[in-house]
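Each remark here refers to the structure printed beneath this line.
There are 2 protein chains.
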Amino acid sequence: MKDKLFQKRISIEQVEEGTELAPKFDEQGLIPVITMDVHSKEILMLGYMNKDSFELSIKTGEAHYYSRSRKVIWHKGKTSGLIQKIREMRIDDDQDAIWIQVEVEGSASCHVGYRSCFYRKVSQNANGSIHLEFTEKEKTFDPNEVYGDSPNPTIL
Amino acid sequence: MKDKLFQKRISIEQVEEGTELAPKFDEQGLIPVITMDVHSKEILMLGYMNKDSFELSIKTGEAHYYSRSRKVIWHKGKTSGLIQKIREMRIDDDQDAIWIQVEVEGSASCHVGYRSCFYRKVSQNANGSIHLEFTEKEKTFDPNEVYGDSPNPTIL
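In the order they appear, the protein sequences are chains C and L. Taking the working numbering as reference, the numbering of the first sequence is continuous, increasing by one, and the terminal residue is 423. Taking the working numbering as reference, the numbering of the second sequence is continuous, increasing by one, and the terminal residue is 423.
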């Protein structure tokens with residue numbers, strides 16, 4: 268099945284100018300995925316897929332990622348209910364990055380509780396020093412209620 | 268200087284809920300960057316920055332990446348003229364991904380000649396087979412004219 272879905276990478280012309288899906292997975296077998304809210308056009312998260320989760324995403328129409336911290340395929344929203352239905356999937360010129368536009372039930376996507384994982388912007392003070400400024404004032408949900416005792420996926 | 272710009276990662280609370288810029292660079296010293304056109308909200312590219320190019324991007328307000336194929340800091344647009352002026356920069360929950368919104372002079376960003384690097388979508392036929400469908404009909408510029416004999420950055 269996998270051989271039929273993903274073609275072998277043969278030439279730059281095939282990869283850049285062709286119509287065959289021939290993705291490049293990195294040394295860890297992963298490809299980065301930009302996840303955008305199809306309505307607001309806000310970036311919700313940057314995730315990673317391996318071959319199996321990429322295949323599952325295409326076949327089910329729901330975003331499946333590979334969790335690098337937990338080392339498992341991760342059906343996004345299975346715990347939180349915040350399933351991401353894929354409305355459009357694009358791949359870039361050299362086919363080593365994916366951009367999906369998704370519909371999210373419940374309008375939140377981040378394990379910290381915010382709508383987007385990108386809830387802070389990098390701001391510069393008059394003196395040139397840098398800090399982060401929150402762009403979302405309130406959390407959309409309480410992560411403790413949703414995830415309970417699950418370990419935090421953030422790695423220092 | 269670098270120590271002042273990027274803080275040490277001390278705790279999950281600091282990284283996720285704090286206002287300090289404490290990015291996580293991967294084993295290659297890189298952090299992925301989602302680049303969006305600030306007006307159309309289209310994703311133009313997924314690039315990577317190392318510490319130095321991240322710092323240059325903040326200080327100059329113009330996107331600098333690290334080219335993984337050429338292994339150099341890459342001031343986007345220096346050859347093509349398609350400079351990306353950063354209008355907003357965000358960082359994600361665990362600070363291992365960046366999202367920038369940019370203004371591009373000339374409205375093209377992709378070395379293949381298209382407006383966006385994501386010029387093909389993944390489409391499914393009635394029989395379930397997968398192909399790529401072009402979303403841009405014409406190239407914005409002729410890469411041969413702009414880049415001449417520069418080696419193609421795509422790696423198979």
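All C-beta atoms in this analysis are idealised placements derived from N, C-alpha and C, irrespective of residue type, glycine included. All of these numbers come straight from a predicted model, not from anything done at the bench.
Could you list which residues in chain C have their beta carbon closer than 8 Å to that of PRO299(L), in chain order?
PRO299 and LEU313
Three-state class that DSSP yields for TYR332(L) in the structure shown:
strand
Give me, in chain order, the residues of the same chain whose beta-carbon lies closer than 6 Å to that of SER347(C); leave out the 5 immediate sequence neighbours on both sides.
VAL413
For ARG337(L), does the count of other Cβ atoms within 10 angstroms reach 16, so buried, or fall short, so exposed?
exposed
In whole angstroms, what separates the C-alpha of LYS406(C) from that of GLU400(C)?
15 Å
Can you find a CB in chain L that lies within less than 8 Å of the CB of MET268(C)?
Note that MET268(C) scores 44 on pLDDT, short of 50, meaning its location in the model is unreliable; the coordinates nonetheless yield the value given after this. By this cut-off, MET268(C) is not an interface position.
Going by DSSP, name the residue or residues bridged to TYR315(L).
PRO299(L)
Looking only at its chain, what residues have a beta carbon closer than 8 Å to the beta carbon of ILE301(L), apart from the 5 residues adjacent to it on each side?
ILE310, LEU313, ALA364, ILE365, TRP366 and ILE367
If we call anything under 8 Å between Cβ atoms a contact, is LYS352(C) one with GLU370(C)?
yes
For the alpha helix (DSSP H) holding LEU272(L), just list the boundary residues, first then last.
269–272
Can you check which of these residues, PHE292(L), LYS291(L), PRO420(L) and MET356(L), is closest to ASP360(C) by C-alpha distance?
PRO420(L)
Cβ pair THR286(L), HIS398(C) closer than 8 Å
yes
Close-in-space but distant-in-sequence residues of the same chain around LYS269(C) (CB under 7 Å, 5 per side omitted)
The predicted model places LYS269(C) with a pLDDT of 44, which falls under 50 and marks its position as unreliable; any figure quoted below should be read in that light. Cβ neighbours of LYS269(C) beyond the five flanking positions: LYS318 and GLU322.
Tell me which residues share the same chain as GLN281(L) and place their Cβ nearer than 7 Å to its Cβ, disregarding the 5 neighbours each side in the sequence.
GLU287 and ALA289
Is there a C-beta anywhere in chain L that falls below 8 Å from the one on VAL413(C)?
no
Within 10 angstroms of the Cβ of HIS306(L), are there 16 or more other Cβ atoms? Answer buried if so, exposed if not.
exposed
Close beta carbons around TYR381(C), own chain, < 8 Å, minus the five adjacent residues each side:
ALA375, GLU403, LYS406 and THR407
Taking 8 Å as the threshold (C-beta atoms), are MET356(L) and VAL389(C) in contact?
yes
To the nearest angstrom, report how far apart GLY373(C) and CYS384(C) are at their CA atoms.
15 Å
Assign LYS308(L) to buried or exposed, taking buried as 16 or more other Cβ atoms, counted over all protein chains shown, within 10 Å of its Cβ.
exposed
Alpha helix (DSSP H) segment containing VAL282(C), residue limits:
279–284
For PHE273(L) and SER334(L), what's the separation of their Cα atoms in angstroms?
21 Å
Flag LEU272(L) as yes if its beta-carbon sits less than 8 Å from any beta-carbon of chain C, otherwise no.
yes
Whole angstroms are fine: how far does the CA of LYS343(C) sit from the CA of ILE350(C)?
6 Å
GLU284(C) versus SER396(L) - alpha carbon distance
19 Å
Please identify, using Cβ separations under 8 Å, the residues of the stretch 279–290 of chain C that lie next to chain L, in order along the chain.
ILE279, VAL282, GLU283, GLU284, GLY285, THR286, GLU287 and LEU288
Measure the alpha-carbon distance for SER324(L) versus ILE279(L) and round it to whole angstroms.
26 Å
Bridge partners for HIS342(C) per DSSP, in chain order?
HIS331(C)
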